[in-house]
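Participant:
Protein chains in written order, with my numbering: chain A, 1441 to 1855; chain B, 1399 to 1589.
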């Protein structure tokens, strides 16, 4: 059907609906005469048609997570403003399937070294005192892919930030009564492979949330519907989605994720394991890799900074490849273990240059250069690209190369 | 009961005393219930390094060989090396310091209980997980450990012997025992 015809049919349909609606008014004149004005009666079609049960983005907006053949599920950080990741764009990964869980059938059990094991339904969990907090989640291999020289999402998009609502795990642990000798918890999800992970009891008691809400609505299936753990600052693999069971134990359980998949071997052959807190990191998101500056003149530089170890205290930006650094403004409120937006006014002179950002968190920990990180690992700078070893907790300063034609490339492509 | 455990918990994890007092008074009546012993038993599939959750049963590599050939070799290869779709289950000894690192059960995994737990939980992944009997999981674990030259072909793996198996790379993890110190300042590149 061509546009014109479709338009005419729609018009006919609208007028029919309208006629029926008007007839309804006539017939029910007595009851509706008090003019509640709560229904669509009398609304012009163009107005009535403006309403939808759930909004979709404008057809002009093309933001989406990365999809195969690229590594899928990365958040398009380069297109985002603010600090909250919309739920449909939150990065996602899964070790197994994407389970479809009926919340009415879902249960959480806590057992092990406790006085009184317990099971809760979703309705019961929602009756308990809750908290709402903003936290980022980040995969422990996030940013390592940037070493391949790609664009922003492909390099850094395995992090997102949301407002989570749920019960503090400490509330549930006080209900079951933790026994002497418990030092870790083992948490398990209800995916097909029952992904499980050990978490120190100290962190479980501190600020871990058993969350059912994400940005004001129920969690999305990709992010753990109906129930997930949010362990502020701990790498993604710890934040068990579709959580169904927590066991209080006296030692880490040495799951495959711990002894194999999520460990990383140093050049001396020794494996770093139980890497839990994500280190401080910042990334300029505009202008950034894959974008193009439309021309010389004013461009606000914006980016995101976060640390698994508290709040961001400082972000500095260099527009001359590290020769000079200027403090960026931090967009408040600056929250702990949350993305923090930074901004710096910048006027581009049209010449080739490199943009860098570096941050510092509340513990005074800073973001290293690639050279500093290489020194800490005891490897030459080209080791990162050659090793087949998984690279975890990679937080080297990201260089974005601005070319004279305004195109922007990933500086890591040139090492 | 609760107050007793809370008292020592406050010592262990350093809860503030006011939080302790509050927790003692705040019980949420009518919310949640006690699971039955069967429910706990059915859900509690995790096996830790002490092996205390390992179920009754036993198996040897000899018993595992035909099960492996029937249910695993398709994805992991007859010789555990050349499978289609599954990772190698042996090899890579001596590669941990090289750029061409190969991490396998033999060259890398620090705990034999992890092999049991993973096979029991996840293998074979198709058509559905959880189809192996405990006897089969013991036998398959023994088969893989034996093919990695970690145990002998006729060594019996059960709840007692499996946790005692010394994996070649157990000393290869730093720190030897995982630690978490909440407020520690960590240098660049550390964890």
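Beta carbons: idealized from backbone N, C-alpha and C, even for Gly.
Rounding to the nearest angstrom, what Cα-Cα distance links residue 1486 (chain A) and residue 1748 (chain A) in this structure?
Facilitator: Rounded to whole angstroms, residue 1486 (chain A) to residue 1748 (chain A) spans 49 Å at the Cα level.
Participant: Going along chain A, which residues have a C-beta under 7 Å from residue 1443 (chain B)?
Facilitator: Simply 1634.
Participant: Report the start-end ranges of each beta strand (DSSP E) in the segment 1578-1656 of chain A that is 3 residues or longer and not cut off at the edges.
Facilitator: Within the segment 1578-1656 of chain A, the complete beta strand (DSSP E) runs of at least 3 residues are 1599-1608, 1624-1629, 1636-1640, 1649-1654.
Participant: Can you tell me whether DSSP reads residue 1839 (chain A) as helix, strand or coil?
Facilitator: If DSSP states are grouped into helix, strand and coil, residue 1839 (chain A) belongs with coil.
Participant: Are residue 1783 (chain A) and residue 1768 (chain A) close, meaning C-beta to C-beta below 8 Å?
Facilitator: Their beta carbons are under 8 Å apart, which means residue 1783 (chain A) touches residue 1768 (chain A) by this criterion.
Participant: Would you verify that the beta carbon of residue 1549 (chain A) is, or is not, closer than 8 Å to some beta carbon of chain B?
Facilitator: Yes, residue 1549 (chain A) counts as interfacial toward chain B.
Participant: How should residue 1468 (chain B) be labelled, buried or exposed, when 16 other C-beta atoms within 10 angstroms of its C-beta is the threshold for buried?
Facilitator: So residue 1468 (chain B) ends up on the exposed side.
Participant: What does the alpha-carbon distance come out to for the pair residue 1533 (chain A) and residue 1481 (chain A)?
Facilitator: Whole-angstrom Cα-Cα distance: 46 Å.
Participant: According to DSSP, is residue 1415 (chain B) helix, strand or coil?
Facilitator: Its pLDDT being 38, under 50, residue 1415 (chain B) is placed unreliably in this model, and the value from its coordinates should be taken loosely. DSSP places residue 1415 (chain B) in helix when its eight states are reduced to three.
Participant: In three-state DSSP terms, what is residue 1584 (chain B)?
Facilitator: Residue 1584 (chain B) falls in the coil class under three-state DSSP.
Participant: Listing by chain order, which chain A residues have their CB less than 9 Å from the CB of residue 1466 (chain B)?
Facilitator: Residues of chain A passing the Cβ test: none, with the nearest at roughly 19 Å.
Participant: Answer with buried or exposed for residue 1525 (chain A), where buried requires no fewer than 16 other C-beta atoms within 10 angstroms of its C-beta.
Facilitator: Counting Cβ neighbours within 10 Å, residue 1525 (chain A) comes out buried, since at least 16 surround it.
Participant: In the DSSP assignment, find the unbroken beta strand (DSSP E) run with residue 1560 (chain A) in it and report its ends.
Facilitator: Run containing residue 1560 (chain A): 1558-1561, per the beta strand (DSSP E) assignment.
Participant: By the three-class DSSP mapping on this structure, what secondary structure does residue 1519 (chain A) have?
Facilitator: Helix at residue 1519 (chain A).
Participant: For the alpha helix (DSSP H) containing residue 1857 (chain A), name the first residue and the last one.
Facilitator: Nothing can be reported for residue 1857 (chain A), as the shown portion of chain A is limited to 1441 through 1855.
Participant: Just to confirm before moving on: does the CB-CB distance between residue 1553 (chain A) and residue 1688 (chain A) stay below 8 Å?
Facilitator: For residue 1553 (chain A) and residue 1688 (chain A), yes; Cβs fall inside 8 Å.
Participant: Could you tell me whether any Cβ in chain B is nearer than 8 Å to the Cβ of residue 1855 (chain A)?
Facilitator: With 8 Å as the cut-off, residue 1855 (chain A) does not count as an interface residue toward chain B.
Participant: When the Cα atoms are used, what is the spatial distance from residue 1636 (chain A) to residue 1579 (chain A)?
Facilitator: Taking the straight line from one Cα to the other gives about 16 Å.
Participant: Closer than 7 Å between beta carbons: that is the criterion. Which residues of the segment 1821-1840 of chain A meet it against chain B?
Facilitator: Hits within the stretch, in order: 1826, 1827, 1828, 1829, 1833.
Participant: Check whether the segment 1531-1540 of chain B touches the segment 1441-1461 of chain B, counting contact only when three or more Cβ pairs, one atom from each stretch, lie closer than 8 Å.
Facilitator: Because the criterion of three Cβ pairs below 8 Å is met, the segment 1531-1540 of chain B and the segment 1441-1461 of chain B touch.
Participant: Report the residues of the segment 1559-1581 of chain A with a CB closer than 9 Å to any CB of chain B, ordered along the chain.
Facilitator: Listed by position, the residues of the segment 1559-1581 of chain A near chain B (Cβ gap below 9 Å) are 1559, 1560, 1561, 1564, 1565, 1567, 1568, 1569.
Participant: Closer than 7 Å by C-beta to residue 1471 (chain A): which residues in its own chain qualify, once you throw out the five before and the five after it? Chain order, please.
Facilitator: Below a pLDDT of 50, predicted positions are generally treated as unreliable, and residue 1471 (chain A), at 45, falls in that range; no measurement from the model is reported.
Participant: Could you name the residues of the same chain whose beta carbon sits closer than 7 Å to that of residue 1809 (chain A), not counting the 5 residues immediately before and after it, in chain order?
Facilitator: 1836, 1837, listed in sequence order.
Participant: Put residue 1524 (chain B) into one of helix, strand or coil per three-state DSSP.
Facilitator: Coil.
Participant: Check each candidate in A:1558, A:1671, A:1488 and name the one with the smallest Cα separation from residue 1435 (chain B).
Facilitator: Checking every option, the nearest Cα to that of residue 1435 (chain B) belongs to A:1558.
Participant: Using a Cβ-Cβ cutoff of less than 7 Å, which residues in the same chain neighbour residue 1705 (chain A) once the five nearest sequence positions on both sides are dropped?
Facilitator: 1711, 1829.
Participant: Which of helix, strand or coil does DSSP assign to residue 1456 (chain A)?
Facilitator: With a pLDDT of 43 at residue 1456 (chain A), under the threshold of 50, the modelled position of this residue cannot be trusted; read the value that follows with caution. Looking at residue 1456 (chain A) - three-state DSSP - the assignment turns out to be helix.
Participant: Using 8 Å as the limit for Cβ to Cβ distance, is residue 1586 (chain B) near chain A?
Facilitator: Interface residue, yes.
Participant: For the segment 1487-1511 of chain B, list every residue whose C-beta sits within 7 Å of some C-beta in chain A, in sequence order.
Facilitator: Per Cβ criterion, the list reads 1494, 1495, 1497, 1498, 1499, 1501, 1506, 1507, 1508, 1509, 1511.
Participant: Quick one: Cα of residue 1788 (chain A) to Cα of residue 1519 (chain A), how far?
Facilitator: About 20 Å.
Participant: Give a yes or no on whether the C-beta atoms belonging to residue 1698 (chain A) and residue 1713 (chain A) are separated by under 8 Å.
Facilitator: In this structure, residue 1713 (chain A) lies closer than 8 Å to residue 1698 (chain A) by Cβ.
Participant: Among all the DSSP beta bridges, which residues are the ones paired with residue 1572 (chain B)?
Facilitator: Partner(s): A:1712.
Participant: Where do the ends of the alpha helix (DSSP H) carrying residue 1472 (chain B) lie?
Facilitator: Unbroken alpha helix (DSSP H) run through residue 1472 (chain B): 1471-1474.
Participant: Give a yes or no on whether the minimum CB-CB distance between residue 1514 (chain A) and chain B is below 8 Å.
Facilitator: By this cut-off, residue 1514 (chain A) is not an interface position.
Participant: Starting from residue 1817 (chain A), follow the alpha helix (DSSP H) in both directions and report where the run begins and ends.
Facilitator: Residues 1810-1817.
Participant: Could you tell me which residues DSSP puts in a beta bridge with residue 1680 (chain A)?
Facilitator: Bridge partners of residue 1680 (chain A): none, in fact.
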